[in-house]
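See below for the structure under consideration.
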Amino acid sequence: ADEGTRCAQVVGDCQAQVKESSESFKVEHTTIHRRKEENDTILTELFAQKRELLAKLAEIDKRLEVAELAAREISANETRLEANMRHVSEELSARLSMEGQRQEELMEEQRELTDASALARAVESDATARA
């Protein structure tokens, strides 16, 4: 009878341990399941935010392409304008130089005419004085 009581005791202890383990596993499983649901919600929110950010980045990339193209066009226009300004400046400089030379030639002709006129008056005055 002692052996029967001891066996019954061992079986009772084992059943208590199984019940305790089962309840502990159930609590832990419930906790894990709750954490999984919370984490799934976080993942869903983060993936939604990521999609929004990727869409914004794609839009920014498009705008960057447009701005970079505009910058290249502006730079090309600036280079073209500077070349045109240099060309016009060189042409005007050459024209001014030619006009300056022409003006000097005209002034020289004017001096020669003035000198010739003065000489003619002196000759005429001398001729009038002799006559």
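Per the working numbering, the sequence shown runs over residues 9 to 139. Note that CB positions come from ideal geometry on N, CA and C, so glycine has one too.
- Message: Quick check on DSSP: helix, strand or coil for alanine 139?
- Response: Coil at alanine 139, not helix or strand.
- Task: Rounded to whole angstroms, what's the CA-CA distance from leucine 114 to arginine 129? Just pull it up for me.
- Result: Distance between the alpha carbons of leucine 114 and arginine 129: 22 Å.
- Message: Short of 8 Å in beta carbon distance, which residues of its chain neighbour serine 30, apart from the five on each side in sequence? Order them along the chain.
- Response: There are no such residues.
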